[in-house]
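Encoded as structure tokens, the structure appears first; notes follow it.
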Amino acid sequence: MGQDLLSICQAETKRLLWIAGMLFAVILVVRHLELPYGNLLSSILSSTKVPLVGKSGFHAGYSPSNSEIVGNLSLSNDLNNTGTYAIHEKASNTRSSDSVLEGNEGSNRALEIDEDEDDGKDGNLVKQNRTIIVENVKPLETDFAQEGGREPEVSSVEKKNTTDNTYLESRIGNENNTVDDVNSTAGLPVSSPAPPMMNSSPSTAPAIFETNVGAPIKSVDSNVTSLEKDQTTPSEKTENSEQLHSDLNQTEHNSSMTRVPVVKIEPEVPILDVYSISDMNNLLLQSRASYHSVIPQWSSPVDQELQYVASQIENAPIIKSDPTLYAPLYRNLSMFKRSYELMEDTLKVYVYREGERPILHSPFLKGIYASEGWFMKQLEANKKFVTKNPQKAHLYYLPFSSRTLEERLYVPNSHSHKNLIQYLKDYVDMIAVKHPFWNRTGGADHFLVACHDWAPSETKKYMATCIRALCNSDIKEGFVFGKDVSLPETYIKNDKNPLRDLGGNRPSKRSILAFFAGSMHGYVRPILWQHWEDKDPDMKIFSKLPKAKGNKNYVRYMQSSKYCICAKGYEVNSPRVVEAIFYECVPVIISDNFVPPFFEVLNWESFAVFVLEKDIPNLKNILLSIPKKKYLQMQMRVKKVQKHFLWHAKPEKYDIFHMILHSIWYNRLHQLKPI
Numbered sequence: 008m009g010q011d012l013l014s015i016c017q018a019e020t021k022r023l024l025w026i027a028g029m030l031f032a033v034i035l036v037v038r039h040l041e042l043p044y045g046n047l048l049s050s051i052l053s054s055t056k057v058p059l060v061g062k063s064g065f066h067a068g069y070s071p072s073n074s075e076i077v078g079n080l081s082l083s084n085d086l087n088n089t090g091t092y093a094i095h096e097k098a099s100n101t102r103s104s105d106s107v108l109e110g111n112e113g114s115n116r117a118l119e120i121d122e123d124e125d126d127g128k129d130g131n132l133v134k135q136n137r138t139i140i141v142e143n144v145k146p147l148e149t150d151f152a153q154e155g156g157r158e159p160e161v162s163s164v165e166k167k168n169t170t171d172n173t174y175l176e177s178r179i180g181n182e183n184n185t186v187d188d189v190n191s192t193a194g195l196p197v198s199s200p201a202p203p204m205m206n207s208s209p210s211t212a213p214a215i216f217e218t219n220v221g222a223p224i225k226s227v228d229s230n231v232t233s234l235e236k237d238q239t240t241p242s243e244k245t246e247n248s249e250q251l252h253s254d255l256n257q258t259e260h261n262s263s264m265t266r267v268p269v270v271k272i273e274p275e276v277p278i279l280d281v282y283s284i285s286d287m288n289n290l291l292l293q294s295r296a297s298y299h300s301v302i303p304q305w306s307s308p309v310d311q312e313l314q315y316v317a318s319q320i321e322n323a324p325i326i327k328s329d330p331t332l333y334a335p336l337y338r339n340l341s342m343f344k345r346s347y348e349l350m351e352d353t354l355k356v357y358v359y360r361e362g363e364r365p366i367l368h369s370p371f372l373k374g375i376y377a378s379e380g381w382f383m384k385q386l387e388a389n390k391k392f393v394t395k396n397p398q399k400a401h402l403y404y405l406p407f408s409s410r411t412l413e414e415r416l417y418v419p420n421s422h423s424h425k426n427l428i429q430y431l432k433d434y435v436d437m438i439a440v441k442h443p444f445w446n447r448t449g450g451a452d453h454f455l456v457a458c459h460d461w462a463p464s465e466t467k468k469y470m471a472t473c474i475r476a477l478c479n480s481d482i483k484e485g486f487v488f489g490k491d492v493s494l495p496e497t498y499i500k501n502d503k504n505p506l507r508d509l510g511g512n513r514p515s516k517r518s519i520l521a522f523f524a525g526s527m528h529g530y531v532r533p534i535l536w537q538h539w540e541d542k543d544p545d546m547k548i549f550s551k552l553p554k555a556k557g558n559k560n561y562v563r564y565m566q567s568s569k570y571c572i573c574a575k576g577y578e579v580n581s582p583r584v585v586e587a588i589f590y591e592c593v594p595v596i597i598s599d600n601f602v603p604p605f606f607e608v609l610n611w612e613s614f615a616v617f618v619l620e621k622d623i624p625n626l627k628n629i630l631l632s633i634p635k636k637k638y639l640q641m642q643m644r645v646k647k648v649q650k651h652f653l654w655h656a657k658p659e660k661y662d663i664f665h666m667i668l669h670s671i672w673y674n675r676l677h678q679l680k681p682i
């Protein structure tokens, strides 16, 4: 009996061991399926699409319901998005169709791009870094109405007086005292504006990335609708949450992986209805007072090069005068000159070859949007700055034409440019999959040059982290000091001879006090016309000029006027600013919240007049109050600054091509802490 009982116990023990072994084998198989293939199992239970993961170690396809901290990586999610990750970005309204939902204290809210909802709670200050969700947000939708040569996105009168993506950063550079009243302001910045660390799109946003970048990120875009997200069950959320913890914990033990780029917290910036030129100067100074560095996912020799360059500029030798540069025109002549020299010696740009013509790689060289085309043409042909080795590049150029994008893809009277935004998203997704460079910095070392009025809204979602050179440089539309560049809008009538009719009469031959002629676009020009057309012989304000061959009447008026009125149309920018300089007429800029070109370098108040829109009725008195000596000084400076705004068939030192490139280079240095 005892032996029978013993044999039975031994048999049961073997059976239990066999069952335990089978269970262990099943667990190993399950873990094998989970680890290398990300959310394979959870995707079976979920209705959402999940990004695939290749050798890069990029893990997405997860949507926790609450904020979580894994290691040192904060993941914050309020929506049931696939592949979401937290970024830091300043958010506020710009247009009636582009609304940002402000959250209550202690709660996260999503950035809603495509909803017609008002914030209603601006307050006095806006947080410069706000944790927001960018994954799977519906594409931007903005209303447009066709009229004249441009199409406004919304009525200018209805635009929201709030700031979108406004983050002001960097430190105060050395300040030099130069000959005149100019070099007392800030010098060249050497530290970063903290752009929101997001990628162009959900499909390219890296949560974790290996330093070995041999294999590109493989991603699949999620097409989950808002309704599908709302229907995600708690069990799915929990399963996804556990999966991400598992993936990230695995990553913690893998030394070849790094976390998403780190962005320092940014200061608060006051929200104003109108930003005057003085306010902009103060904001620029404030941006110099702090830096917000972006830490790439893996280091590169170019980072050390740029850090060294930033230190050289910060400690530039003091120059009070220069034979080629007139000191009063610049905020800090010493630092500008040193920065320009180092750009010539150091800068390498990689131009992405991908992309189909004509939207990409096909410059358009005539008209009011010609700046982007001339820059594209001259950079792609440049052998000094362009490198064929992307590993050596300090900057990466996205060579698309915002004008051709609108011309080819916009559906007339559709009042939507979702398809334009989608085209840019698809392009950046392709770049991020094929190359590792976008994901290394989240796009912070990439740049675009776009002059169409719609470019800010078309690029603010998927290209917000890029350095954006924009003609429509409106603070209220998301222009970012220290990151974005104000692109001069140049009206090229003859692409074979862009310098035709250059210059104007000497001051004693300029008999007209002020001149303006143009279509009644927007709300400012009708006010100007109402107060001054045919009201005063000294004020030549026209809605239309008699036609003449080659627009000679317009040119003669500019060449014969002391002051040329540059009034905004649908948007803040106008080609008249550069035209006034071209014809040696002192610009009078009437456009609230407009950041003038090369603002970080040039002291605009030394050669231009800024008049608030509300002061249009008092325009003549403002101009007459300027002493003759002061006017002559400003007109002389217009002639000296002119070289920075001229296109040449072959680029010349300090011309507009080099100034645009310098401002992009200059702002890239913001993003790196000097050695």
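First residue of the sequence shown? That's 8 in our numbering, and the numbers climb one at a time after it. Where a beta carbon is used, it is the ideal one built from N, C-alpha and C, also for glycine. All figures in this text were calculated on a predicted structure; none of them were measured in a lab.
Put simply, the backbone Cα of K556 is about 37 Å away from that of V608.
In the pairwise beta carbon analysis, the region 454-471 is classified as touching the region 424-431: at least three pairs are separated by under 8 Å.
In the structure shown, K395 falls within a coil segment according to DSSP collapsed to helix, strand and coil. Annotation for H538: I623 and P624 place their beta carbon closer than 7 Å to its own, counting only its chain and skipping 5 residues before and after. Counted as a single uninterrupted DSSP element, the beta strand (DSSP E) harbouring K547 occupies residues M546 to F549. The C-beta distance from V584 to C592 rounds to 11 Å, too long to fall under 8 Å, and the pair is not in contact. Sequence-distant Cβ neighbours of H655 in its own chain, meaning closer than 7 Å and more than five residues away, are D662.
In this chain, the beta strand (DSSP E) harbouring H453 covers H453 to A457. Between L630 and A521, the gap from beta carbon to beta carbon is short of 8 Å.
If the five residues before and after K355 are omitted, its C-beta is found closer than 7 Å to the C-beta atoms of F392, T394, K399, A400 and H401, all from its own chain and listed in chain order. Judged by DSSP in its simplified three-state form, P594 adopts strand. By the criterion of at least three beta-carbon pairs nearer than 8 Å, the region 516-535 is in contact with the region 560-568.
Taking all protein chains shown into account, A18 has fewer than 16 neighbouring C-beta atoms within 10 Å of its C-beta and is therefore exposed. For S568, the enclosing beta strand (DSSP E) starts and ends at S568 to A574. Put simply, of A27, L552, K441 and L349 the residue whose alpha carbon is nearest the alpha carbon of S318 is L349. Between F614 and L405, the C-beta spacing is not below 8 Å. For R475, the enclosing beta strand (DSSP E) covers residues I474 to L477. Spanning the alpha carbons of M287 and Q293 requires a straight line of approximately 10 Å. The region 364-383 and the region 440-451 do not touch, with fewer than three beta-carbon pairs separated by less than 8 Å. The C-alpha of L455 is placed about 29 Å away from the C-alpha of Y590.
For F488, no alpha helix (DSSP H) run applies, since DSSP gives it neither H nor E. With the rule of 3 Cβ pairs closer than 8 Å, the region 302-312 does not count as touching the region 498-514. Approximately 7 Å separates the beta-carbon atoms of F486 and L477; this is inside 8 Å, confirming the contact. As a beta-bridge residue in DSSP terms, V616 pairs with V595.
When beta bridges are read from the DSSP output, G374 appears opposite I499.
DSSP lists V358 and F454 as the beta-bridge partner residues of Y404. For L412, the enclosing alpha helix (DSSP H) has its first and last residue at S409 to L416. Sorting L367, E363 and Y357 by C-alpha distance to the C-alpha of N396 places Y357 at the top.
Taking the C-beta atoms as reference points, V492 is found nearer than 8 Å to I667. Per DSSP, I519 lies in no alpha helix (DSSP H); the unbroken beta strand (DSSP E) holding it starts and ends at I519 to A524.
The alpha-carbon of K627 is positioned some 13 Å away from that of F523.
The straight-line gap separating the alpha-carbon atoms of G489 and Q640 is approximately 30 Å. Assignment of S480 by DSSP, reduced to helix, strand and coil, places it in the coil class.
For the options I482, I474, P604 and V595, the alpha carbon positioned closest to that of Q678 is the one of I474. A323 sits close to R345, with the two beta carbons spaced by under 8 Å.
Beta-bridge pairing by DSSP links Y337 to L609.
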